[in-house]
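Enquirer: For the sequence shown, our numbering begins at 35 and goes up steadily by one.
Think of the CB as a built atom: it goes at the ideal place given N, C-alpha and C, for glycine as much as any other residue.
Treat the numbers as computed from the prediction; the structure is a model and nothing was measured.
First the structure, then my questions, so here it is.
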Amino acid sequence: MDASSNSETSQDTLYDDIKSFFDSAPPLKDGPDIRGVAGSRIVCVTSGGTTVPLERRCVRYIDNFSSGHRGAASTEYFLKAGYSVIFLNRRGTCQPFCRSLPQDPLLECFEVSKELNVQVRQSHSEVVKRAIGEHCTAVEEGLLLKIPFTTIFEYLQILQLIGMSMKDHGRRAMFYLAAAVSDFYVPWQSMVEHKIQSASGPLDMRLVQAPKMLSVLRKNWAPTAFCISFKLETDSEILLAKADMALKRYNMHAVVANELLTRKEEVIVVTSNEKISVHRGKTEAEADADVESPLIKLLVEKHSAYIGDSDS
Ligand code: 9Z3
Numbered sequence: 035m036d037a038s039s040n041s042e043t044s045q046d047t048l049y050d051d052i053k054s055f056f057d058s059a060p061p062l063k064d065g066p067d068i069r070g071v072a073g074s075r076i077v078c079v080t081s082g083g084t085t086v087p088l089e090r091r092c093v094r095y096i097d098n099f100s101s102g103h104r105g106a107a108s109t110e111y112f113l114k115a116g117y118s119v120i121f122l123n124r125r126g127t128c129q130p131f132c133r134s135l136p137q138d139p140l141l142e143c144f145e146v147s148k149e150l151n152v153q154v155r156q157s158h159s160e161v162v163k164r165a166i167g168e169h170c171t172a173v174e175e176g177l178l179l180k181i182p183f184t185t186i187f188e189y190l191q192i193l194q195l196i197g198m199s200m201k202d203h204g205r206r207a208m209f210y211l212a213a214a215v216s217d218f219y220v221p222w223q224s225m226v227e228h229k230i231q232s233a234s235g236p237l238d239m240r241l242v243q244a245p246k247m248l249s250v251l252r253k254n255w256a257p258t259a260f261c262i263s264f265k266l267e268t269d270s271e272i273l274l275a276k277a278d279m280a281l282k283r284y285n286m287h288a289v290v291a292n293e294l295l296t297r298k299e300e301v302i303v304v305t306s307n308e309k310i311s312v313h314r315g316k317t318e319a320e321a322d323a324d325v326e327s328p329l330i331k332l333l334v335e336k337h338s339a340y341i342g343d344s345d346s
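Written as structure tokens, this is what we have:
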């Protein structure tokens, strides 16, 4: 068998795996409607981890680590750069414009007066005003659409729908895939209906590999969009090699490599001809106090060059 027929076979296997994933996935309750999203440049930011349910009536699940901070902060910087954002986010994770609020904003930002009126505490009034104002403007102007997911089934089905509806935006569309997506899952057709019983002894279950959707996103769903994926590792020795591999295997325009412990301080943007290290500013006051600030600036420049290439 020659190399080309080998790769055709693995391509066919991938399409079979993807078809069986979508055919057997529990249908979405509501599909997303992105028609209301305005603006000339549009980015789909994915954020948070996907769950892998172990039972159909799910009591237990496996989760992927992600607080959603990267996705929420990046969304704010994309909006500042003039993009419309579809924020595909794990329910309950960090949301845009909420980063400067305390952990429990409802209980900590508000107080009840003697007359039983609810009012913002003076100490939090500036951050609350800014968060509400910026969020309302973005949503009301059709620049921010937030779509929640929980399971890997929901995430991949919604990503496919967004991908296919972004086709019309051509090269002006971008995917910024910061969500932490499980590599393994229990297929719906082999999942038990009811809660797994502990009386049956040790749990022995088989997870299968989740089909790699990045290559179909690039090839079939949104072939003209600018695609950025993320590579997370805990071992710095293998990080760049793995990012390089992902870049080539999935034909990404860039892969953002990050290490779990230092992800808020440094990321490395890997493209086919360079590796650019991006750091956050040293002090809170600096404009690039979040690593996402210089990161989005760099990616916006690369996206502009990509759009420009097709105009010339
Ligand atoms: C990332 O690497 C994100 O930067 C983080 C952000 C999840 C580390 P937080 O949400 O953290 O701010 O707490 N996302 C992608 C992680 C991932 O699972 N990537 C897969 C991989 O590395 C490819 S899709 O193999």
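Look at the alpha carbon of Lys53 and the alpha carbon of Pro139, and state the distance between them as a whole number of angstroms.
Expert: If I take the Cα positions, the gap works out to 43 Å.
Enquirer: Alpha carbon to alpha carbon, how far is Ala212 from Gly83? Give it in angstroms, no decimals.
Expert: Straight-line Cα distance between these residues: approximately 9 Å.
Enquirer: Pick from Pro245, Pro328, Leu266, Glu335: whose alpha carbon is nearest that of Asp46?
Expert: Residue Pro245 is the option with its Cα nearest to Asp46.
Enquirer: Would you say Leu274 and Val301 are within 8 Å of each other, going by their C-beta atoms?
Expert: In this structure, Val301 does not lie closer than 8 Å to Leu274 by Cβ.
Enquirer: Let's test the definition: count the other Cβ atoms within 10 Å of the Cβ of His313 and tell me whether it reaches 16, buried, or not, exposed.
Expert: Classification of His313: exposed, given that the 10 Å Cβ count is below 16.
Enquirer: Compute the beta-carbon to beta-carbon distance between Asp324 and Ala107, rounded to the nearest angstrom, for a pair I have assumed lies under 8 Å.
Expert: That pair is a contact at about 5 Å.
Enquirer: Three-state secondary structure (DSSP) at Lys180?
Expert: Three-state result, Lys180: strand.
Enquirer: Going by the beta-carbon positions, is the gap between Tyr111 and Ile76 smaller than 8 Å?
Expert: Contact: no.
Enquirer: Report back the beta-carbon spacing between Arg205 and Phe260 to the nearest angstrom; my notes put them in contact at under 8 Å.
Expert: Right, their Cβ atoms sit about 7 Å apart.
Enquirer: Can you tell me whether DSSP reads Glu110 as helix, strand or coil?
Expert: Note: Glu110 maps to helix in three-state DSSP.
Enquirer: Between Ser147 and the rest of its own chain, which residues show a CB-CB distance below 8 Å, the 5 nearest in sequence each way excluded?
Expert: Only Gln153 meet the Cβ criterion.
Enquirer: Is Leu266 closer than 8 Å to Asn292 when the C-beta atoms are compared?
Expert: Yes; because the gap between Cβ atoms is below 8 Å, this pair is in contact.
Enquirer: How is Leu122 classed by DSSP in three states: helix, strand or coil?
Expert: In this structure, Leu122 counts as strand in the three-state DSSP scheme.
Enquirer: Would DSSP call Val226 helix, strand or coil?
Expert: Strand, per DSSP.
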